[in-house]
Amino acid sequence: MLKMKRFNGNPKIKLEAIKENFPNLKKMQELKEEFRKIYETSENPTEGMLSISEWLAKSSSVFTKSCQTIRNWFGEIISYFERRTTNGMVEGINNKLKLIKRRGYGFRNFRNFWVRSMLSWHLVC
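Shown next, in the form of structure tokens:
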């Protein structure tokens, strides 16, 4: 979902009209922006943990399933504030491997899959 500051012109006007007519969507959009801001402004793990805990208390009525998922993965989510790293790179690699696997349906042996994987990252086989 786009950051609010990226909206301009016609999409921003449409979003404002939607928020005017649907107060629940307005609240959801505001909570989403607040959640993003936690990651941008929290300077240490304690501050991040407290901010997310407060956010969970406010938003559990609107984002029931999302809040439950955040609670289930709370420790892993808070670790972001310690190292400022995510698993995005690993997720990207896994996604690319799944794509190679789908495209290579019917490879006769693992070696062909391995070669195709290495070539995807411009590695010498």
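Read in full-length UniProt numbering, the sequence shown has 108 at position 108, and its numbers run on one by one without any break. Beta carbons are placed, not taken as given, at the ideal position from N, Cα and C, and that holds for glycine.
Query	Result
Touch test, the stretch 56-67 against the stretch 13-29, Cβ-Cβ under 8 Å, three pairs minimum	yes
Endpoints, the alpha helix (DSSP H) within which residue 44 is located	That residue, residue 44, is in no alpha helix (DSSP H); it is neither H nor E in DSSP.
Residue 87 in three-state terms, based on DSSP	coil
Simplified DSSP assignment, three categories, for residue 75	helix
Length of the line joining the Cα atoms of residue 55 and residue 100	39 Å
Alpha-carbon to alpha-carbon, residue 75 and residue 43	17 Å
Inter-stretch contact (C-beta, 8 Å, three-pair minimum) for the stretch 64-81 and the stretch 45-54	yes
Beta-carbon proximity check, residue 104 vs residue 110, cutoff 7 Å	no
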